[in-house]
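Chemist: For the working numbering, count along the sequence shown from 1 and bump the result up by 364.
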Amino acid sequence: MIRIAFLGSDSTHTEAFGKRINGTDSPWKGTARVEAIHGTDRAQTERKAAELGIARVANTVQEAIQGVDLAMVIGRFGESHFAPASEALAAGIPTFVDKPFTVNLAEAMKLADLARVKKVPLVSSSPLRFAHEVLVLKERMSVAKDWLSVVVTVPANCTDLGPDPRLRSVYFYGIHGIEVLLDLVGHAIKNVEVHRTQSVITTHITLADGRTVVFQLVRDMAEAYAVDLHLRTGSERMAIELDGSYYSDVLEFLLRGFRVGSDRVPLDSTMAAIAILDTIERADRREADR
365 MIRIAFLGSD STHTEAFGKR INGTDSPWKG TARVEAIHGT DRAQTERKAA ELGIARVANT
425 VQEAIQGVDL AMVIGRFGES HFAPASEALA AGIPTFVDKP FTVNLAEAMK LADLARVKKV
485 PLVSSSPLRF AHEVLVLKER MSVAKDWLSV VVTVPANCTD LGPDPRLRSV YFYGIHGIEV
545 LLDLVGHAIK NVEVHRTQSV ITTHITLADG RTVVFQLVRD MAEAYAVDLH LRTGSERMAI
605 ELDGSYYSDV LEFLLRGFRV GSDRVPLDST MAAIAILDTI ERADRREADR
């Protein structure tokens, strides 16, 4: 039995993962179970624990991770990820960090260094890396090795979940898009150039092989994710369906692959994604301050 602790309770991903693991019709029944949860809002955490059949509501991260085999850091905002992930890694517990890994490169580097020093598995991924459409595109690109470019377009900010300023960060939705892009083209990056206008932040990413791919963040756009693949024989656009099916595939990876060494989501790819978002956010702030 894989015993799991949820660290964070303020995201809808708590339910997305919790129902799939602890639900009465879970394919993981008898194989994995979320046994503990910790969150900063006690009432919210207790309510979700009751809904999801999680036995222990912990007062601290240390209490939550006692006796577990996997820590899942699933706070809504990346600002809340560094501290609990650090505690889990320091305790030697394999750790999954939900999107975004962190909201700055310095924290990402500290977590990666801690995992290496402790020799503890660490992974972070947007669930959209596992979307059906992304897998289809990866297959097409593996066949059409002479693809010319890829353009991924996503929202620059969240417009419908309230006034919290963290929702305006490029990290909140941008992490989905940049991880999809790197999952498709790899993370061997030579150069990154950011171009900002009033409505769009366009980032040109030159790969080590000389090809250039494009990451577009559109301000005040409703949540949607699109990928344009350009081949010598033509071009196609694919929209990612936000149907939630990818959460099951994330769990398949975590519970069958990650803990035994699968490199499906390389930590270097996650680090490259954070480095690009860090560059974009700093460039956007500089321009906004002028």
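A virtual CB, placed ideally from N, CA and C, is assigned to each residue, including glycine.
Predicted, not measured: the structure shown is a model, and the values here were computed from it.
Classify Asn468 as helix, strand or coil using the three-state DSSP reduction.
Modeler: Three-state DSSP puts Asn468 in coil, outside helix and strand.
Chemist: Closer than 6 Å by C-beta to Leu416: which residues in its own chain qualify, once you throw out the five before and the five after it? Chain order, please.
Modeler: Contacts found: Gly382 and Asn386.
Chemist: To the nearest whole angstrom, what separates the beta carbons of Tyr610 and Leu492, a pair I think is in contact under 8 Å?
Modeler: Going by Cβ atoms, the distance from Tyr610 to Leu492 rounds to 6 Å, so yes, they are a contact pair.
Chemist: Would you report the Cα separation of Ala369 and Val467, rounded to the nearest angstrom?
Modeler: In a straight line, the C-alpha of Ala369 is about 22 Å away from that of Val467.
Chemist: Quick check on this structure: which residue in Ser488, Lys502, Phe494 and Ser450 has the alpha carbon closest to the alpha carbon of Val481?
Modeler: Nearest of Ser488, Lys502, Phe494 and Ser450 to Val481, Cα basis: Ser450.
Chemist: Spell out a yes or no on whether the segment 421-436 and the segment 386-402 are touching, meaning 3 or more CB-CB pairs, one atom from each, closer than 8 Å.
Modeler: Touching, per the Cβ criterion.
Chemist: Considering Cα atoms alone, identify which of Gly550, Pro464, Arg530 and Ala476 is closest to Ala509.
Modeler: It is worth fixing the name first, because residue 509 is Lys in this sequence and not Ala. When only C-alpha atoms are compared, the closest one is Gly550.
Chemist: Our contact map puts Pro464 next to Ile418 with C-beta atoms below 8 Å; I'd like the distance itself, whole angstroms only.
Modeler: Not confirmed; about 24 Å, so no contact.
Chemist: Beta-carbon separation of Leu618 and Phe494 under 8 Å?
Modeler: No.
Chemist: Whole angstroms is fine: what's the gap from Gly598's alpha carbon to Arg504's?
Modeler: Straight-line Cα distance between these residues: approximately 13 Å.
Chemist: How would you call Asp462, buried or exposed, if buried means at least 16 neighbouring beta carbons within 10 angstroms?
Modeler: Buried, since its Cβ has 16 or more Cβ neighbours within 10 Å.
Chemist: Using only the alpha-carbon positions, how far apart do Thr523 and Arg440 sit?
Modeler: Rounded to the nearest angstrom, the two C-alpha atoms are 16 Å apart.
Chemist: Measuring alpha carbon to alpha carbon, tell me which residue in Leu581, Leu486, Glu616 and Glu605 is nearest Trp392.
Modeler: Taking only the C-alpha atoms, the option nearest Trp392 is Glu616.
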